[in-house]
Amino acid sequence: MNKVTEMKAIRQVNEEIYRSFETLDFKGAAVHLTEDCDYITFNGMHLKGREEYITSHEQLMNNFMFRGARLEGEIDQMRFLNDRTAVVIARGAIRFRWQKKAPQSRQSINTTLWIKNNEDQWQMAAFHNCRIRKPGWLMQRLMSIKKN
């Protein structure tokens with residue numbers, strides 16, 4: 001396995017998903033998911049499979065707010081478990097058409113499991129997304145308490 005080539009291939013598929021988002025072509029994005037993909041949204045909703053991914057994204061995003069929106073992000077880390085499986089950690093956010101840049105408060109981090117299918121194409125088998133948040137005052141206080 002040539003890691004550089006495989007990393008480039010995963011990045012390319014990831015970019016295709018981003019571009020599909022911009023055109024609200026969720027069926028186009030879904031071809032890069034396994035048929036039985038597990039997709040966890042930032043608010044904890046579990047979507048099972050391509051059809052649920054397509055339906056939920058169409059219901060949520062096919063409206064005036066998302067027209068012209070861009071999904072912006074970057075891959076932070078990529079690790080190959082074997083020749084056909086990779087774990088990817090990325091960050092990103094939606095930038096709406098009226099925004100110059102996506103606000104920090106909308107930044108999310110996601111962990112993605114990619115597998116290489118029988119046609120040697122990388123597909124997303126699992127996706128878990130969550131908002132990036134600073135610790136609240138209580139968590140900060142608890143973290144500052146020293147153990148005896």
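The sequence shown begins at 1 in the UniProt record's numbering and counts up by one. Note that CB positions come from ideal geometry on N, CA and C, so glycine has one too.
Beta carbon of residue i nearer than 9 Å to that of residue j
i      : j     : result
ALA90  : ASP76 : yes
LEU113 : VAL88 : yes
LEU24  : MET61 : yes
ASN129 : PHE42 : yes
LYS3   : PHE80 : yes
Spatial distance of residue i from residue j (CA atoms)
i      : j      : result
TRP98  : ARG70  : 11 Å
ILE132 : GLU119 : 35 Å
GLU72  : ASN110 : 13 Å
THR5   : GLY49  : 28 Å
GLN104 : THR55  : 28 Å
ALA126 : HIS57  : 16 Å
PRO135 : GLU51  : 35 Å
GLN12  : MET139 : 38 Å
GLY28  : LYS8   : 20 Å
Presumed contact (8 Å Cβ cut-off) between residue i and residue j, rounded CB distance
i      : j      : result
ALA30  : TYR53  : 5 Å
ARG84  : ILE115 : 6 Å
TRP122 : ILE17  : That belief does not hold up - the Cβ atoms of TRP122 and ILE17 are roughly 11 Å apart, past 8 Å.
Buried or exposed (CB count within 10 angstroms, at least 16 for buried), residue i
i      : result
TRP137 : exposed
LEU142 : exposed
MET124 : buried
PHE26  : buried
ASN63  : exposed
TRP14  : The sequence shown places Asn at residue 14, rather than the Trp named in the question. It is buried - the Cβ of ASN14 has at least 16 other Cβ atoms within 10 Å.
Closer than 8 Å: residue i CB and nearest the ligand ZN heavy atom
i      : result
ALA102 : Although the ligand ZN was asked about, the structure shown includes no ligands whatsoever.
So does the stretch 59–68 actually touch the stretch 30–39, counting three or more Cβ pairs closer than 8 Å? no
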